Structure formats: C-alpha cells, structure tokens
Amino acid sequence: MISDSIPRPASAARQLFLARSDFDALIGALRASGRTVIGPTIRDGAIVYDEIESAAMLPAGMGDEQSAGRYRLTDRGDGLLFGYTVGPTSWKRFTFPPQLNIAEARRAGGVAFDQPPVEVPQLAFLGVRACEIAALAVQDRVFLGGQFTDEDFRARRKAALVVAVQCTTYSSTCFCSSMGTGPAVRGGYDILLTEIEDGFVVQVGSPSGAAIVTQLPTRKPTHAETGAAIDSVEAVRAGLGEPLPMAGVDERLKQQLENPHWGVVADRCVECGNCTMACPTCFCTASVERSDMEGRLSVTERVWDSCFDVNFARVAGGDFRGRPRDRYRQWLTHKFSSWMDQFGSFGCVGCGRCIAWCPVAIDVREELEAIAPVVPPVERPVAVEPAAASPGAFSLARLASVKEETVDTTTLTLMDLDPAFLAARPGQFVMVALPGFPTVPISISRIGTTSIELSIRAVGATSTALTSLHPGSRLGLRGPLGTFWPIEDAYGRHAVVVAGGVGLAPLRGLVEALIASRDRFESVTLYYGARTPEDRLFRDDLARWTTIKAIDVAVTVDRAGVDWKGRVGVVTALFDMMTQDCSRVTAYVVGPERMMQASVQSLIAKGVPPDRICVSMERHMECGIGLCGHCQTGRFFVCKDGPVFRLSELGDLYVREGL
Amino acid sequence: MASTEKTARPRVAVAKFASCDGCQLTLLNLEEQLIEIVSRYDIVEFPEATSRHQPGPYDVVFVEGSISAPEHLEQIKALRKQARLLVTIGACATSGGIQALRNWADHDAFRAAVYEHPEWIESLAMTTPVSEHVKVDAELRGCPIDGGQLLEVLTAVLVGRRPQIREEAVCRECKRKGIVCLVVARGEACMGPMTAAGCGALCPSYGRGCYGCFGARTGVNARAWSEAMQAAGRPPEEVWRLFAGFTAYSEPFRPIITELGKAK
Chain A
1 MISDSIPRPA SAARQLFLAR SDFDALIGAL RASGRTVIGP TIRDGAIVYD
51 EIESAAMLPA GMGDEQSAGR YRLTDRGDGL LFGYTVGPTS WKRFTFPPQL
101 NIAEARRAGG VAFDQPPVEV PQLAFLGVRA CEIAALAVQD RVFLGGQFTD
151 EDFRARRKAA LVVAVQCTTY SSTCFCSSMG TGPAVRGGYD ILLTEIEDGF
201 VVQVGSPSGA AIVTQLPTRK PTHAETGAAI DSVEAVRAGL GEPLPMAGVD
251 ERLKQQLENP HWGVVADRCV ECGNCTMACP TCFCTASVER SDMEGRLSVT
301 ERVWDSCFDV NFARVAGGDF RGRPRDRYRQ WLTHKFSSWM DQFGSFGCVG
351 CGRCIAWCPV AIDVREELEA IAPVVPPVER PVAVEPAAAS PGAFSLARLA
401 SVKEETVDTT TLTLMDLDPA FLAARPGQFV MVALPGFPTV PISISRIGTT
451 SIELSIRAVG ATSTALTSLH PGSRLGLRGP LGTFWPIEDA YGRHAVVVAG
501 GVGLAPLRGL VEALIASRDR FESVTLYYGA RTPEDRLFRD DLARWTTIKA
551 IDVAVTVDRA GVDWKGRVGV VTALFDMMTQ DCSRVTAYVV GPERMMQASV
601 QSLIAKGVPP DRICVSMERH MECGIGLCGH CQTGRFFVCK DGPVFRLSEL
651 GDLYVREGL
Chain B
1001 MASTEKTARP RVAVAKFASC DGCQLTLLNL EEQLIEIVSR YDIVEFPEAT
1051 SRHQPGPYDV VFVEGSISAP EHLEQIKALR KQARLLVTIG ACATSGGIQA
1101 LRNWADHDAF RAAVYEHPEW IESLAMTTPV SEHVKVDAEL RGCPIDGGQL
1151 LEVLTAVLVG RRPQIREEAV CRECKRKGIV CLVVARGEAC MGPMTAAGCG
1201 ALCPSYGRGC YGCFGARTGV NARAWSEAMQ AAGRPPEEVW RLFAGFTAYS
1251 EPFRPIITEL GKAK
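If you want it as structure tokens, here you go:
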C-alpha cells in the first residue's frame, strides 16, 4: 500500500487553531458565503449528513459502534464534534442525487426533447473524511474522466466547498488503510480540520478555503496542539492494524470467476441492493419515464439503480445475469477488479458502509479473502542445506526401532541425526549407505522433531539388508536431497493425494502437513491403492485419517479376501468419487510408473490443470547430488531437479518411453 | 360528450372477489386525476362507484380479491374471456391476501368456529391468487395498492407502453429517501429486503419496519432473510409472524411459513 503518513508541516505558521467554542464562526462564514452547509447531525439513531444551521446541530460527544449489519450510536462522554466514523449517508447524495429529472419530451405539433438547465445549489460539505474525499475522486473519474461527461455532476462538484475532517476514531468496518485512501487526508479539500481536545487545528487547501478561514477568530497553534493533531491520526492508523493484501486482488479475482464460493455468498445475500446504495462510488442509474395521460409531456427521471436488481442485465431475449451468484460476482469483481481496468483505481475506498448497512451482515473483506486469497509465489522455498553433500561422504545415524509394515516393507526409525535431516521437507529423500552394499535412495516417510523414518521395500540387496537391521545399528546418510511437495500450491484449492503401493511413503509427510494446515485448503483427499489389504502401508495412520474430518480417505485394493469390505479395483476408479471442481484441484501423485501414468491421464481428463499435478519420479540414483549421471532424464537430473516435478515441467518427458 | 368520442374511450371494468374493497377505493382516491381519467376511459363497471352494470367485452379489467369460493372459479374465467387486459390489484388478488393464512389451517374447523351454520358456507379450502387460475397481464401490489402505480398503468395503457413498475426492494426507496435503516441502526424487524417497492417506503418513513404488504419480490431469497433474522436473535415464532402476513401465500414465502409453522 502507498505510505500515507501525514507530511509534517514545514512550519507551524501554515496551521491555525480554532477553539471549539468558536465553531459557529465557521458555520456562519460558510453560510454567509451563500452556501448551504451540509454536515453531520443525529437523525433516527444515526449520524446522517443534512443541513446544518449552527454548531448545536452537530453530534457533540456522540460516537458510533459499527460491525457487519449493525450500527449503534454511543455516548463518548466528551465534547468532540466529529468523534464518529462514517454513517449511512455518503456525499454522493449531494453530488449525484438519488432522483433527478434529466430530460423532458414534449409532443405538441411536433416532438421536442429538452434538457432541464443545470441548476445546482451552492453547498459546503462539512466533515468530509479521507475515504470520502477518495470516493469523490473516484466518481470524478467515472463522470468526468472520459469522452462523455455528466455535467450535472460537474456543476454540483464545483459548487461544493469541501471542509475535511481528519478521522480521530475508527470502526471495525473501516479499511481505508487497506485501500490506500486513509486514514490521513492528503488533499482534495478547501479546509482541513483536525479535532483535538479544545478545538481544531485548521489547514487551508485552496483560495476559497482561505477566504473563509481568514474570517475566523483563529490563532497560531502551540507545538503541543499540532503534535496532538498528528498523534490522533497516527493512533487511528495504528488501530486499523495491518492492511489487507489488496495489491493484485484485481488480477486474483479474474482467476476466480468460477469459484464455488460465489454460490455460498449468494445463498446469504437477499439482493436488497443496500450495499450499492450506501456505497459512495456506485454510480449505476435507471431512467424512468413519467408521462401525463395525454402523452404530451414525458419526463425522464434518473434514479439510483443497483446491479443486484433482477432486471438489471435483462434484454428482451433473457437475462445475462440470471442467478444471484452472477449478480454478486458482478458487484464484487467490478469494485475490486474491472473498475481498475476501466478507471485506473479500485471502485472501493474502504469506508465499510456496505458492511455495516448489509442487513444480512455480509463482510466484503471476508468474501474477498474466501474467493481470491493471496497465494504465495510459486517459486519453491529453498531446501535445507544437506548433510554429507559430497560423493563418498555420509553422516552417521542410529537405528532406533524397526517396524514391519507389510510382508516386504519395513519402517526404520533413525535417531542421533545431523539436524539437517530433521529440517527435511515432505517429498525429499536420503541416500542410505551400509558398508559393503550399493548406496540407495530412500524417500523420507516421516520427519519428526528428533527422528526420521524410512519405509523400505525389500526388493534388492541393499534394501533387504536394511530391513534386516537390528535397533542400535549405525548406518550412513546423505541428505535431505531433492525437491519437495509444493504444499502452498494447494492453498485455497482442493488438495488431492494419489498413492499407489509403497508410493504412500513419500506422500505420508505431505498428508500430515496438509492435515496440520487444513484451514488453508478447500478440501483434502487421499486416494490410495494397494495390491491387497495386507499390502497397505501405515495402517495405523490410515485408520486415524479415516476417522478425522480433516481429510477424506478412499482406499482400494487390486484383490481381496472375503474379509475386505472396501473397494476393489485400480486407484483411478476411485476418481469417480471426485465431486470437486477439478480446475481447482492440486494433485500429488506417487506410485508404480504405470499407475502414475494412468492416474495423471485420468486427472487431466477430469480437468485438473497439468501445472497443478505434481509427481515424484523414481530413477536409478547412485549419488543423489547430480554427479553420477544415472538419473539424467532430458534436461533434468531427477535427484536434484526432482524427484518432485510438476507435470507441466516434465512435458513429454513423462510419457515418452526409453528416456 | 359526443357518443362517437365515448366509444373511442377504452372500456374499463373493476371486479372483486374475496377482498375488502380498499384497492378499488384507491381509484376513487385519485381525486385530482379523476376528471382526466373518466374523460379518457369509459368506466363501465365499478360496483364501489356506480350501480350501473354493463356487459363486456372490456379493454381493461382491474381485479381485486383472491379466489376463495367455488363460484369464483367460473367467474374469473368468464371475466378473463371478456378482458383484453386483465390487471390484478392488491395483495389478495396477487398473492391470496391475509385470508390465505387459512391455507395452513384446518378449513372445516375454521368454518365451525366462526359460523353457527357452517354447512351454509360455501368456500374453498384454499384461497389463491388470480394468477393461479387465469393469465394476468399486469399486477399491482400492495394492501392497498399505490395510487401512483395505478395511474402509471392507466397512463401506460393509453400511451401503449409497458407500465414502468420497478422490481426492486423497499430498501431501495428507503435509501433514496435517506431513511436510516431500521434493521441496522435500531435492530427493528423489517420485511423491506424481501418486499417489492412501490409504496415509497411508507412504514419506514414513519419509523416502523415494513409489513411486507407489497409482497415478495420475484424469486427473492426468503430463506436467507429468515435465517438472518433468527441469527440476530429473533425466535422462529416471531419470524413466522413476519412472513405470515398480507402476502403469506406468495411463492417465495410458502416454504418458509410451512417450516417455521412446524417449529412454532
């Protein structure tokens, strides 16, 4: 966000002090200049903008408490005249009236169309906040910034003197600092007031403002007074807290037009259109023809309209935005995305009116977070520097325990490790050395705080030797090595883990990590295929995952006895259960080569984007650090450029035989 | 007036079924425009105004009231055949009216409770809007209807265009008028978000929540409003009462009333 701290004045001489007891002098001077003063006053339980004749009409000592769908006046117990935040009225009511006759057509002999002359009142807006100045500027761009202009707006805008007031308080609905519009007023005013204990620090922003201020009984402020003025606005900035991540939200929304959350918010929305009416920048209107019964005079009345109306996008043949979700999406994407394309700014200034005045308490900030969350950049975080990272070097580890997973697969728990191994990421592997045996790559199946686990299927000499070791044995490790699963890629999406056989080992750490930060994902699913029920790895984990809500687990086996109550068949058959929007799936796939290819094909056929399918490749490796050359595949060394790849990175390397 | 001119004027009839006659009176209440109206329209059938009866066909028939008795079923069909344009007026004709609350009750028990000789009373178990029986060309909502909207229909028919009656919430009229939202600022019960505009936000202008007499907007999300009011702490019984008013039998409200009625 743009930094908007208040520029400290070059000299205090440019600021003046007006005592609160003299505030009537300001209202009097504004009125004496021929202007009607519009400012804050209490009506029907709220602070609204209406005609002000004297300071006695201002909401002295009154504040407000606002949250989604709720506004209440509060008694502040002080004498501040502007100790409230923005209320139900916005200044567009006076620059862009809710109802306006814009044309008259007559039928008398011939046909004549007339535009009524632009006649606007001379107004002074008293108490305009930073977000509201920004809103006036947004409408300036809409109505005056293009080829066609609204001259009624121009005249009203020109005829309004802006007396701005710095915010010295804020509501839970305020988010000006997120939109870069406040809390400090930085320009766009004729007179600027900052309210402090006994009165106002006054700054002049234009000759018209100066003409008023020179008539007032002001004096030079003390250093304490100018300091207090700055501090009060800074306190608001601090109170508003960390700005929301609005940078790039316009582009993010464009990627989310089919997000199912549009339907979720539409289920809550009653389409009253109050957000658009309360919004200080919404500018849509409808034309209503009022004719007399003789058809001689017809007046075109322009009224505030709302894109939430069922007929707003209707043509004779039908409605372009027929569903409530279409209409909500139209509003939100216009405010935060396409407005930027059309007018070079957001259509939102962060005033929070749409939040407070929504009768069903929809908070636009929460909807944006749900629909277009910030996804961290896809560059992979740097892995930990591996231990023993040269050919022939190994770091010793102690075998703490041995657990038989299946008839041929054993999990070794290793302790007394170099800390590098404990900082491994799910998906990484280690090279394991045993004197007298060839070194083998083994994926890490669990990363603990003091131990790691390796799950090893006894298929060759080394793996058979490793699975026969007794606790207390020492073995050599190099690692952790290779790339790891891009978990953050699935933030805000559906995470789908597909494992075949012993392929669950490199995915086990990923599954635990997905469960640990479950809130960041739309859903988490594991599809696991094994040869038989007895060949299932990590049966304790599977049982636990099946009972918790954080993850959906589906298991299938190739063949089974009568005891097996679950599915029988290949793992891809489980994909029939997928109800997720596949364009929003990130998939992680490991298993035997043929199972991975079948899974990948079927995921693509279901619409999962190839750059969202991550696979872990198995290749012959002897060093694990890109020096032995065995695992070279196309432009990659699978050991250091992989083993985890996105399918889009691999391209046709993945399916081509003989590479 | 010359007789030729008379025949050139569109012939208007006003008919009523189960209703209180208040909507018809809205026509008579257009005092300033009455001369103009009768000089442009030939009002040939209007029981509230004249004992003169003239047979159809009619150019415009304004129908008040819900279909509530066995004989109404044939009468409305006969009327439709006589009408070039059939315009239903008021909550009873457009949604069944307050009497449609009986659609959720035991009709026989009601008759027995009210009348000494219930066997003399011929009424239908369900009272229904006119549109469930015949094609309707235009609807004017409200209990009673708004004079301005009635005038707009009369004007539009003469000019030969569609009446400009906006399908929007009462909230929109509140906002344009600058009325502070009673729900948000005072926690009042209000049916404004559900209800078709046209009254000029009459009740909220006087600090009272909308009663919903103009009825549910087409396809309005009644469930969301019911849930929001309950989430704000209103018991189901109170929310039921808000929906079960003048336009209880309008389509979007029906399932809500049925569900909340059971919860009651």
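Taken in sequence, the protein lines are chains A and B.
As numbered in this note's numbering, residues 1 to 659 make up the first sequence, in order.
As numbered in this note's numbering, residues 1001 to 1264 make up the second sequence, in order.
Here a beta-carbon is modelled for each residue, glycine too, at the ideal position from N, C-alpha and C.
As the structure is a computational prediction, the values presented were derived from the model and not from experiment.
Return the residue from the list A/R508, A/A46, A/T214 that minimises the CA-CA distance to A/S206. Working through the first sequence from its first residue, we reach residue 206 of chain A at position 206. Among A/R508, A/A46, A/T214, the Cα nearest to that of A/S206 belongs to A/T214.
Beta-carbon separation of B/A1091 and B/G1215 under 8 Å? Start at 1 with the first residue of the second sequence, and residue 1091 of chain B comes out as number 91. Start at 1 with the first residue of the second sequence, and residue 1215 of chain B comes out as number 215. For B/A1091 and B/G1215, yes; Cβs fall inside 8 Å.
What are the residues in the segment 287-305 of chain A lying within 9 Å of chain B by C-beta distance? Within the segment 287-305 of chain A, the qualifying residues are V288, E289, R290, S291, D292, M293, E294, G295, S298, V303, W304, D305.
Taking the DSSP output, what are the residues bridged to A/S455? Locating residue 455 of chain A in the first sequence gives position 455, counting from the first residue. For A/S455, which the question treats as bridged, DSSP gives the partners A/T411.
With 16 other CB atoms within 10 Å as the buried threshold, where does B/A1263 fall? Within the second sequence, residue 1263 of chain B is the residue found at index 263, counting from 1. B/A1263 is classed as exposed because its beta carbon has fewer than 16 other beta carbons within 10 Å across all chains shown.
Could you check whether B/G1198 and B/G1142 sit closer than 8 Å to each other, using their CB atoms as the reference points? Here residue 1142 of chain B refers to the residue found at position 142 when the second sequence is read from its first residue. Here residue 1198 of chain B refers to the residue found at position 198 when the second sequence is read from its first residue. Note that the C-beta distance between B/G1142 and B/G1198 is below 8 Å.
Rounded separation between A/D44 and A/M62 - CA only: As a working note, residue 44 of chain A is residue 44 in the first sequence. As a working note, residue 62 of chain A is residue 62 in the first sequence. Looking at the two C-alpha atoms, the distance is approximately 14 Å.
Enumerate, from N- to C-terminal direction, the unbroken beta strand (DSSP E) stretches of 3 or more residues contained entirely within the segment 71-113 of chain A. If only uninterrupted beta strand (DSSP E) runs of at least 3 residues are considered, those enclosed by the segment 71-113 of chain A are 99-108.
Beta-carbon spacing of A/R302, A/S287 below 8 Å: Looking up residue 302 of chain A in the first sequence gives position 302. Looking up residue 287 of chain A in the first sequence gives position 287. Note that the C-beta distance between A/R302 and A/S287 is below 8 Å.
What are the residues in the segment 1206-1226 of chain B lying within 9 Å of chain A by C-beta distance? Flagged, chain order: G1207, R1217, T1218, G1219, V1220, N1221, A1222, R1223, A1224, W1225.
Residues near A/S527 in its chain [Cβ-Cβ closer than 6 Å; skip 5 each side]: Here the question's residue 527 of chain A lines up with position 527 in the first sequence. Just to set this straight, residue 527 of chain A is Tyr in the shown sequence, not Ser. So the list reads V498, A554, V571, L574, once near-sequence residues are dropped.
With 9 Å as the limit, tell me which residues of the segment 1127-1156 of chain B have their beta carbon closer than that to any beta carbon of chain A; keep them in chain order. Flagged, chain order: L1151, E1152, L1154, T1155, A1156.
Cβ of A/E132 within 8 Å of Cβ of A/C284? By 1-based counting over the first sequence, the position of residue 132 of chain A is 132. By 1-based counting over the first sequence, the position of residue 284 of chain A is 284. The answer is no: Cβ separation not under 8 Å.
Hey, A/L510 and A/P426 are a contact pair by Cβ (cut 8 Å); roughly how many whole angstroms apart? By one-based count along the first sequence, residue 510 of chain A stands at place 510. By one-based count along the first sequence, residue 426 of chain A stands at place 426. Going by Cβ atoms, the distance from A/L510 to A/P426 rounds to 4 Å, so yes, they are a contact pair.
Proximal residues, the segment 1168-1183 of chain B versus chain A, C-beta separation under 9 Å: For the segment 1168-1183 of chain B, which is checked against every Cβ of chain A, the residues closer than 9 Å are E1168, A1169, V1170, C1171, R1172, C1174, K1175, R1176, K1177, G1178, I1179, V1180, C1181, L1182, V1183.
Are the CB atoms of B/G1219 and B/T1247 within a distance shorter than 8 Å? As a first step, residue 1247 of chain B is located in the second sequence; it is residue number 247 there, counting from the start. As a first step, residue 1219 of chain B is located in the second sequence; it is residue number 219 there, counting from the start. Contact: no.
Between B/I1089 and B/C1023, which are expected to be in contact by the criterion C-beta below 8 Å, what is the C-beta distance as a whole number of angstroms? As a position in the second sequence, residue 1089 of chain B is number 89, starting the count at 1. As a position in the second sequence, residue 1023 of chain B is number 23, starting the count at 1. B/I1089 to B/C1023, Cβ: 5 Å. Contact.
Spatially closest choice to B/V1063 from B/P1236, B/V1012, B/R1172, B/R1254, by CA coordinates: Within the second sequence, the letter at position 63 stands for residue 1063 of chain B. Cα-wise, what sits closest to B/V1063 is B/V1012.
A/V497: beta carbon under 7 Å from a heavy atom of the ligand MG? Ligands are entirely absent from the displayed structure, and the ligand MG is therefore not among its contents.
Quick one, which residues of the segment 1184-1197 of chain B are near chain A if we go by CB-CB under 9 Å, in chain order? Listed by position, the residues of the segment 1184-1197 of chain B near chain A (Cβ gap below 9 Å) are V1184, A1185, R1186, G1187, C1190, G1192, P1193, M1194.
Opening and closing residue of the alpha helix (DSSP H) in which A/F143 lies: Counting from 1 along the first sequence, the entry for residue 143 of chain A is found at position 143. Where A/F143 is concerned, the enclosing alpha helix (DSSP H) stretches over 130-144.
Say whether chain B places a C-beta atom closer than 8 Å to the C-beta of A/R518. By one-based count along the first sequence, residue 518 of chain A stands at place 518. It does not: the Cβ of A/R518 has no partner Cβ on chain B nearer than 8 Å.
Rounded to a whole number of angstroms, what is the C-alpha to C-alpha distance between A/V674 and B/C1171? Residue 674 of chain A lies beyond the residue range present for chain A, which begins at 1 and ends at 659; the question has no answer from this structure.
8 Å is my cut-off, CB to CB: does B/A1008 come that close to chain A? By one-based count along the second sequence, residue 1008 of chain B stands at place 8. Using beta-carbon distances, B/A1008 does not count as an interface residue toward chain A, since no partner is under 8 Å.
Below 8 Å, how does it come out for the segment 614-631 of chain A and the segment 639-646 of chain A: are there three or more Cβ pairs, yes or no? With a cut-off of 8 Å, the segment 639-646 of chain A and the segment 614-631 of chain A count as touching, because enough Cβ pairs lie within range.
Residue burial classification, A/P441 (beta-carbon count within 10 angstroms, cutoff 16): In the first sequence, the residue the question calls residue 441 of chain A occupies position 441. Counting the other CB atoms within 10 Å of its CB gives A/P441 a total of 16 or more, which places it among the buried residues.
Let's test the definition: count the other Cβ atoms within 10 Å of the Cβ of A/T89 and tell me whether it reaches 16, buried, or not, exposed. Your numbering for residue 89 of chain A matches position 89 in the first sequence. Here A/T89 is buried, its C-beta having at least 16 other C-beta atoms within 10 Å.
Out of B/R1102, B/S1051, B/F1110, B/V1157, state which residue places its alpha-carbon closest to the alpha-carbon of B/T1258. Residue mapping note: residue 1258 of chain B aligns to position 258 of the second sequence, counting from 1. Restricting attention to B/R1102, B/S1051, B/F1110, B/V1157, the CA atom closest to the CA of B/T1258 is found in B/R1102.
Tell me, please, which residues DSSP counts as bridged to A/W304. The sequence position of residue 304 of chain A within the first sequence is 304, counting from 1. Assignment of beta-bridge partners to A/W304 by DSSP yields A/T285.
Could you compute how far the alpha carbon of A/A560 sits from the alpha carbon of A/R531? Taking the first sequence and counting its residues from 1, one reaches residue 560 of chain A at position 560. Taking the first sequence and counting its residues from 1, one reaches residue 531 of chain A at position 531. If I take the Cα positions, the gap works out to 8 Å.
Taking A/V364 as the reference, give the member of A/S67, A/P260, A/V524, A/M595 with the closest Cα. Translated into the one-based positions of the first sequence, residue 364 of chain A becomes position 364. Relative to A/V364, the option among A/S67, A/P260, A/V524, A/M595 whose CA is nearest is A/S67.
Give the interface partners of B/R1040 over in chain A, defined as CB-CB distance under 7 Å, in chain order. Residue mapping note: residue 1040 of chain B aligns to position 40 of the second sequence, counting from 1. For B/R1040, the C-beta contacts it makes with chain A under 7 Å involve M293, in order along the chain.
Grouping DSSP H, G and I as helix and E and B as strand, with all else coil, what is A/V378? Here residue 378 of chain A corresponds to residue number 378 of the first sequence, with the count starting at 1. Legend: pLDDT at A/V378 = 45, less than 50; position of this residue unreliable, no value from coordinates given.
Three or more C-beta pairs closer than 8 Å, one from the segment 1121-1139 of chain B and one from the segment 1176-1193 of chain B: is that the case here? Because the criterion of three Cβ pairs below 8 Å is not met, the segment 1121-1139 of chain B and the segment 1176-1193 of chain B do not touch.
Between the Cα of A/H470 and the Cα atoms of A/E251, A/S208, A/K606, A/T411, which residue gives the shortest distance? Sequence index remark: in the first sequence, residue 470 of chain A carries index 470 (1-based). Ranking the options by Cα distance to A/H470, first place goes to A/T411.
Cα-Cα, which of B/A1169, B/L1030, B/V1153, B/P1057 is closest to B/G1192? For the purposes of this step, residue 1192 of chain B is taken as the residue at position 192 of the second sequence. With distances taken between Cα atoms, B/G1192 lies closest to B/A1169.
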